[in-house]
Structures are given as structure tokens and as C-alpha cells.
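Throughout, the numbering used here is defined as the position within the sequence shown, counted from one, plus 88. Built from N, CA and C at the ideal position, the CB exists for glycine as well. Note that this is a predicted model, so its numbers are computed, not measured. Have a look at the structure below before the remarks.
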Amino acid sequence: MDGIDYMRIVVTRHGKVLHDWKKWCTSAEFDEQCSLYDKAPIDVAVDKGVEDAQTVYISTLDRTFQTAEAIFGKRDFKRTSLINEVPLRSGFDTAVKMPLWFWNVLGRLQWLTGIKRQPEIKAHTTIRAEQFVKQIIKSNEDCAIVTHGFFMHTLIKALRKEGFTADKNRVEYRNGEAIVLRRDD
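What follows is the structure, encoded as C-alpha cells:
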């Protein structure tokens with residue numbers, strides 16, 4: 089150790105979900121595809137080298153449990169819905185098939201602009217990320233977090249707001265990729 093006290097957090101995106109999305113969907117089919125995705129198994133190819141965390145937080149979605157087990161082995165993990173993926177649903181009801189990219193973009197735009205059609209809006213995602221960050225800062229221990237790609241942006245932003253710096257800056261995080269954040273005390 090270099091004599092400097094700091095808090096270290098390793099944030100990992102879950103492994104690649106083994107789900108073949110339909111390329112064209114009605115609104116009901118898109119909602120069904122989102123549900124199937126949440127239940128699908130994962131490819132457990134993940135970054136190694138961060139297995140020393142005493143506390144490992146995972147979301148309530150099974151893909152984070154599978155990923156955490158692949159990294160840390162069988163042990164107790166702390167499950168919390170505060171780090172769940174931002175839920176997504178179709179932007180409106182229609183029997184017309186639309187391309188998958190359309191449903192994804194529309195849903196995320198609705199999330200961003202606060203349209204209540206989405207199960208959660210950006211303001212609520214930010215609040216839960218900040219609540220989670222406050223909890224882990226209060227515990228004042230190094231930890232690992234296994235979470236989700238879209239949510240990672242909000243989580244890392246909340247950590248930076250509290251003085252953490254990241255070893256990588258990404259627009260998109262790969263499945264299984266680990267980001268190390270630290271804050272000097």
C-alpha cells in the first residue's frame with residue numbers, strides 16, 4: 089500500500105445475456121421480449137482480477153447473481169433493487185410491428201424526458217443511484233458491484249459526484265467489464 093487511505097469500488101457489468109431479440113415487434117411482443125431477456129441465462133465470460141472484495145452487491149435480477157458467482161465463487165452477495173437495470177417497455181400500444189431499435193430508442197427517450205409510460209424516469213433512476221452510493225459510502229468499505237449497462241452510467245455519475253474517479257471512461261460498457269473507482273479520504 090502506498091500510505092494513502094482511499095475507498096475502492098469495482099463496478100462490473102453483468103455477463104452477456106443469451107437471448108435472441110426479435111428484430112421486429114408489436115408493442116406486446118416487445119414487452120414480452122424484455123421480460124424474456126430478464127429471465128435468460130448469461131455467458132459468464134467476465135473480467136477477473138477483482139475477486140478480493142469483502143462485500144459484493146448485486147441487483148435483484150438473476151444475471152447479476154450469475155455474473156457475481158462466476159467472478160467471486162459461491163458466497164453470500166448483498167441483493168438490492170437500488171442497482172437494478174432501468175426497466176424498459178414499449179413506448180405506446182400498437183399491433184403494427186416496429187423495428188427493435190425503434191422500441192429501444194423511444195423507450196429511452198421517454199425515460200430521459202420523464203414520460204410516465206416508462207416504469208421509471210431518469211429522475212427516479214438518479215435518486216436510487218444516489219441512495220445506493222450514500223449507503224456504500226456510509227459503510228466505508230471497499231466493495232464490488234455487479235449491475236447493468238444502462239444503469240452503470242447513472243451509478244458512475246453519482247459516484248463521481250461524491251468524489252470518486254474511474255480508471256476508464258466509456259460511452260458503452262462491455263458485458264463482463266469491470267471499472268475501478270476510488271476516492272481518497
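Checklist entry - Can you list, in chain order, the residues of its chain whose CB lies under 7 Å from that of Q121, leaving out five sequence neighbours each side? => result Cβ within range, chain order: W109, K110, C113.
Checklist entry - Ordered along the chain, which non-local residues of its own chain (more than five positions away) have a Cβ less than 8 Å from that of I267? => result In chain order, V98, V99, T100, M240, I244, A254, D255, K256, R258, Y261 place their CB closer than 8 Å to the CB of I267, counting only its own chain and leaving out the 5 sequence neighbours on each side.
Item to check | Under the three-state DSSP convention, the category L194 falls into | outcome: Per DSSP, reduced to three states, the secondary structure at L194 is helical.
Checklist entry - How big is the Cα-Cα spacing for A217 and L170? => result 6 Å
Item to check | Start-end ranges of the beta strand (DSSP E) lying completely within the stretch 100-167, minimum 3 residues | outcome: List check, beta strand (DSSP E) in window: 143-146.
Next on the checklist: For a test of your reading of the model: does the CB of F153 fall under 7 Å from any non-hydrogen atom of the ligand MN? Yes or no.
Outcome noted: Absent from the structure shown: the ligand MN. Ligands present: none.
Checklist entry - What first and last residue would you give for the beta strand (DSSP E) that runs through I224? => result From DSSP, I224 is part of no beta strand (DSSP E) but of the alpha helix (DSSP H) over 210-227.
Checklist entry - Quick one: what's got a C-beta closer than 6 Å to G237's C-beta in the same chain, skipping five residues either side? => result R101, Y261
Next on the checklist: Check whether the stretch 119-133 and the stretch 154-167 are in contact - that is, three or more C-beta pairs closer than 8 Å.
Outcome noted: yes
Checklist entry - With distances taken between CB atoms, is the gap from T242 to T214 smaller than 8 Å? => result Cβ distance < 8 Å, so T242 and T214 count as in contact.
Checklist entry - What three-state label does DSSP hand G91 in the structure shown? => result Caution applies to G91, whose pLDDT of 47 falls short of 50 and renders its modelled position unreliable; the model cannot decide the point.
Checklist entry - For S147, is the classification buried or exposed, using 16 other Cβ atoms within 10 angstroms of its Cβ as the cut-off for buried? => result buried
Checklist entry - What's the call for I224, buried or exposed, on a 16-neighbour Cβ count within 10 Å? => result buried
Checklist entry - If we count the other Cβ atoms within 10 Å of its Cβ and call it buried at 16 or more, is N172 buried or exposed? => result N172 counts as buried, since no fewer than 16 other beta carbons sit within 10 angstroms of its beta carbon.
Checklist entry - In the DSSP assignment, what are the bridge partners of T242? => result DSSP output for T242 lists no bridge partner at all.
Checklist entry - Looking at R248 and M95, is the spacing between their C-beta atoms short of 8 Å? => result no
Checklist entry - Going straight from the alpha carbon of H212 to that of D140, what length do you get? => result 32 Å
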